[in-house]
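First up is the structure itself, then whatever we jot down about it.
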Amino acid sequence: MAYWLMKSNPKFFGIHDLQRLGTDSWDGVRNYRARNFMRDDMKVGDKVFFYHSSARPSGVAGIMTVSQAGYPDPTQFHPEHRHYDPIATEEEPRWYMVDLTFEQAFTEVLPLSELKFLPALEDSLLLRKGCEQLTVIPLEPKHWHAIMDMAETLEVLPEHNG
């Protein structure tokens, strides 16, 4: 099992949207590095932090699991769709997506401003300059466990609520 962090602007799709749907596809990614992670590396059962980006505060909002490994993103083939790619063909797709299943929403977002102080994350892509726009980020087990420890310490896991 591998660990990941995936970013989404909650104005468009947040952890509570995924909670309502249960499972959904992570479509519309148009970054080659993120595409490669989804196409080549993400596997069923991998654990993923749902990260709210461009939000106040930006940070980790919950947990999801990969429920379908990478497959072609159909939005690339539809001219009327905002993620249409005129170069992509069904025979040679350019863009991939994965399906994700909701696991849990944190009672509060773990803000990036706090995550920056975790020594275990110093070498993570999440904090690396030049990687701010990367929407799919691989995490090492030490990164995952440091974030989970912070969630437990700050009592933002649902079982701490009430």
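Just so we're aligned, residue 1 is where the sequence shown starts under full-length UniProt numbering, counting upward by one. Ideal Cβ placement from N, Cα and C applies to all residues, glycine included.
Simplified DSSP state of residue i, which is helix, strand or coil
i: T65; result: strand
i: T135; result: coil
i: D149; result: helix
i: K47; result: strand
i: L21; result: helix
i: N161; result: Because the pLDDT at N161 is just 47, under 50, the model does not fix this residue reliably, and the value given afterwards should be weighed accordingly. Coil at N161, not helix or strand.
i: W26; result: coil
i: M1; result: coil
i: K7; result: strand
Any non-hydrogen atom of the ligand MG closer than 7 Å to residue i Cβ
i: Q19; result: This structure does not include the ligand MG; it has no bound ligands of any sort.
Buried versus exposed call for residue i [16 or more other C-beta atoms within 10 Å across all chains shown]
i: F49; result: buried
i: K7; result: buried
i: R56; result: exposed
i: G70; result: buried
i: S124; result: buried
i: F106; result: buried
i: N161; result: With a pLDDT of 47 at N161, under the threshold of 50, the modelled position of that residue is not reliable, and the figure given next carries that caveat. Classification for N161: exposed.
i: G22; result: exposed
i: T135; result: buried
i: K11; result: exposed
i: R82; result: exposed
i: R128; result: exposed
Nearest-angstrom Cβ-Cβ length linking residue i and residue j, presumed shorter than 8 Å
i: S67; j: V44; result: 6 Å
i: D41; j: A88; result: Contact flag wrong, Cβ pair sits at about 21 Å.
i: P111; j: S58; result: 7 Å
i: I147; j: L115; result: 7 Å
i: V98; j: M150; result: Rounded, the Cβ-Cβ distance is 25 Å, inconsistent with contact.
Those residues which DSSP pairs with residue i across a bridge
i: H52; result: S8, G59
Complete beta strand (DSSP E) runs within the region 69–131 (minimum length 3 residues, chain order): 96–111
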